[in-house]
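Residue 106 is where the sequence shown starts when you use this note's numbering, and the numbers rise one by one after that. Just so you know, even glycine gets a beta-carbon here, dropped at the ideal spot from N, CA and C. The structure presented is a predicted model; accordingly, all values stated were derived computationally and were not measured.
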Amino acid sequence: MENIELKTLYNEKLKPYLHGLEKDRLYIKKRLIGGLVLAQVLLFGVASITNQIVMWISIVLLLITLLWLAGTGIAKYASYRHQFKEEIVSKIINLINPDYKYDAYRQIRINDFNAAGLFKKAEMGRGDDYVSGRIGKTVFHYSEINAGKVTDNNSNAKIQSVFKGLFFFADFNKTLKGETYVLPDKMEKLLGKMGQKYQSNHKKGELVKLENPEFEKEYVVYASSQIEARYVLTPTMMEAMTNIRKQYPFAFHFSFVGNRVNCAISFKEALFEPKIMKSGVSYKDVEYIHHLFGLIELLINEMNLNTRIWTKE
């Protein structure tokens, strides 16, 4: 179903502004293409010049031009990106809820990411598009993050990616003693019943089998306590998590640790960024951004996080 409010916002405010940004986008695109062409000439064309003096003069001139293209392109892109974040992304979030706080250049803290226990411990992270707020009684935090760790192999230090995508955490209704992890069930989908044998071999605790066939098709559960896992994953909660998976065909990773529920969704591409190689005047792109930020309310409402049947007292 089409979102009438989003369509109106797009036609009245976002579309005209995106048209205005097209001049900047084309400027950046031309410099990017020009830089790539010059780089090819530098690599292959100059090598065919036999005169040493002419060759070095050509190299210097090409490098100066390449640096000029890169410098002007990067400066223009920084301005273009800033305008896109502040005038397009922020207005989409404001439409969802004007009380949400948005910071285009902030991210989830690496300590909060690690506290979820979903992935290997990260040592560093960079990200953006941080959103925080309150829905009913539930306080949440959400951002894009690329978390990594340094690996030292024969004195050759490299940064290994631990996670790249969206990360969300919010208040849970009760402080838990143990940990419960709900992960995408890749093994059973690939291998069927045979995959169940591999599910048990996991570092996140005991395998928990639950009585919801639809839920079991989508997720595999590990926990430090079978009893607490069932206390957390009520029939309502399992149904909600299954519905979330149906509405958003992404790989969701959940954890319930302490007094928080955490959710990580992996993406290969950078999100909420302006287009360069194709026109940015696209309702489909705006709709996709709205769709991803709409996850916040869906997670909280579907998972009934505002229902304080369980208390922290």
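Using a Cβ distance threshold of 8 Å, glutamate 284 and alanine 252 do not count as a contacting pair. In this chain, tyrosine 185 is not harboured by any beta strand (DSSP E); it is covered by the alpha helix (DSSP H) spanning 157 to 189. Within the segment 199 to 256, the complete beta strand (DSSP E) segments at least 3 residues long are 206 to 208, 229 to 240, listed from N- to C-terminus. Leucine 137 and isoleucine 164 do not touch by the CB rule: their CB atoms are close to 21 Å apart, not below 8 Å. In the three-state scheme derived from DSSP, where H, G and I count as helix and E and B as strand, alanine 369 is classed as strand.
Note on geometry: alpha-carbon atoms of leucine 376 and methionine 160 lie some 43 Å from one another.
Using a Cβ-Cβ distance cut-off of 8 Å, the segment 170 to 185 and the segment 122 to 139 are in contact, since at least three pairs of beta carbons, one from each stretch, lie closer than that value. Put simply, the backbone Cα of threonine 177 is about 35 Å away from that of histidine 246. Checking the DSSP bridge columns, you'll see leucine 312 partnered with Tyr327.
About 20 Å separates the CB atoms of alanine 221 and asparagine 409; that is not less than 8 Å, and the two are not in contact. When DSSP states are grouped into helix, strand and coil, valine 362 belongs to the strand group. Per DSSP, glutamate 374 lies in no alpha helix (DSSP H) and is assigned neither H nor E.
For lysine 380 against arginine 130, the beta-carbon gap comes to about 7 Å, under 8 Å, which counts as contact. Comparing alpha carbon positions, the residue from Phe274, Ala262, Ala180, Glu192 closest to asparagine 219 is Phe274.
In this structure, the CA atom of valine 313 is about 8 Å from the CA atom of alanine 334.
In the structure shown, the three-state DSSP call for alanine 334 is helix.
For isoleucine 264, the uninterrupted beta strand (DSSP E) run begins and ends at 261 to 276, by DSSP. According to the DSSP assignment, valine 194 belongs to no beta strand (DSSP E), since it is labelled neither H nor E.
Asparagine 199 has its alpha-carbon roughly 12 Å from the corresponding atom of glycine 238. By the neighbour-count criterion, in which a residue is buried when 16 or more other Cβ atoms sit within 10 angstroms of its Cβ, threonine 243 is buried. According to the DSSP assignment, glutamate 110 belongs to the alpha helix (DSSP H) that extends over 109 to 114.
Here the alpha carbon of proline 340 sits roughly 8 Å from the alpha carbon of asparagine 317. Contact between the segment 108 to 120 and the segment 195 to 214 is established, with three or more Cβ pairs separated by less than 8 Å. Here the segment 382 to 401 does not lie against the segment 255 to 265, with fewer than 3 beta-carbon pairs under 8 Å apart.
With respect to the C-alpha of serine 330, the residue from Phe355, Lys263, Phe361, Ser248 having the closest C-alpha is Phe361.
By a beta-carbon distance limit of 8 Å, tyrosine 286 does not contact leucine 338. Their separation comes to about 11 Å.
Under the criterion of beta carbons closer than 8 Å, glutamate 402 and isoleucine 240 qualify as touching, at roughly 6 Å.
Checking the DSSP bridge columns, you'll see glutamate 284 partnered with Val362.
Glutamate 249 and glycine 230 do not touch by the CB rule: their CB atoms are close to 10 Å apart, not below 8 Å. For phenylalanine 357, the three-state secondary structure derived from DSSP is strand. Annotation for leucine 147: no alpha helix (DSSP H) segment contains it, and DSSP assigns it neither H nor E. By a beta-carbon distance limit of 8 Å, isoleucine 405 does not contact glycine 270. Their separation comes to about 19 Å. Rounded to whole angstroms, the gap between the alpha carbons of serine 384 and leucine 123 is 9 Å.
By the Cβ-count criterion, leucine 288 is buried, with 16 or more other Cβ atoms from all chains shown falling within 10 Å of its own Cβ.
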